[in-house]
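Report on one structure; see the data block that follows.
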Amino acid sequence: MLGNKEQVDKHVYHLLARCCNLNERKSKALEIAKLYHGVSEFTTAKSYVEGYLEFRPDSVPAYTLLAKIQEDMDDLSGALGTYKSLRTLTNLDKSTALHGMCLIFAH
171 MLGNKEQVDK HVYHLLARCC NLNERKSKAL EIAKLYHGVS EFTTAKSYVE GYLEFRPDSV
231 PAYTLLAKIQ EDMDDLSGAL GTYKSLRTLT NLDKSTALHG MCLIFAH
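For the sequence shown, the working numbering assigns the number 171 to the initial residue and increments by one for each residue that follows.
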């Protein structure tokens, strides 16, 4: 696991350098967002996951990560909106639905 922003930046640089085209680069955005989220670089992670959602607008893992990032950024209304979007895509598992409901009551 990469331990800090500088290590993630370097890894991302090399990862993207190996990509042949724009679609391949976009397909890596969720993986990159997870790396930045792992080192608490929430703004950067959010940017990558939002870019990924433009590429794959029906991605449940991307919406789930976006909601977590928004929570970590104390954007509870944004996270709630993301959980609502996630609900329209699929039947939420019970733990995710319960978490989203907790946000509603906290908000």
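Cβ coordinates follow ideal geometry from the N, Cα and C atoms, glycine included. Note that the coordinates shown come from a computational prediction; the quantities given were computed from them, not determined experimentally.
Query: DSSP three-state call for Lys198: helix, strand or coil?; Result: coil
Query: Just to confirm, are Asp242 and Ser217 a CB contact at a threshold of 9 Å?; Result: no
Query: Between the C-alpha atoms of Tyr206 and His184, what's the straight-line distance to the nearest angstrom?; Result: 15 Å
Query: In the DSSP assignment, the alpha helix (DSSP H) including Arg226 goes from what residue to what residue?; Result: Note, Arg226: premise wrong, no alpha helix (DSSP H); not H, not E.
Query: Write down the C-beta distance between Ala232 and Leu223 rounded to the nearest angstrom, noting that I regard them as a contact closer than 8 Å.; Result: 5 Å
Query: Which residue comes first and which comes last in the alpha helix (DSSP H) that contains Asp242?; Result: 230–242
Query: Residues in its own chain within less than 7 Å of Thr252 by CB, not counting five upstream and five downstream?; Result: Tyr233, Leu236, Ala237, Gln240
Query: In the structure shown, what three-state DSSP assignment does Asn191 receive?; Result: coil
Query: Which residues in the same chain as Ala199 place their Cβ atom closer than 6 Å to its Cβ, once the five residues preceding and following it in sequence are excluded?; Result: Tyr218, Gly221, Tyr222
Query: Measuring only the C-alpha atoms, how far is Gly173 from Lys204?; Result: 13 Å
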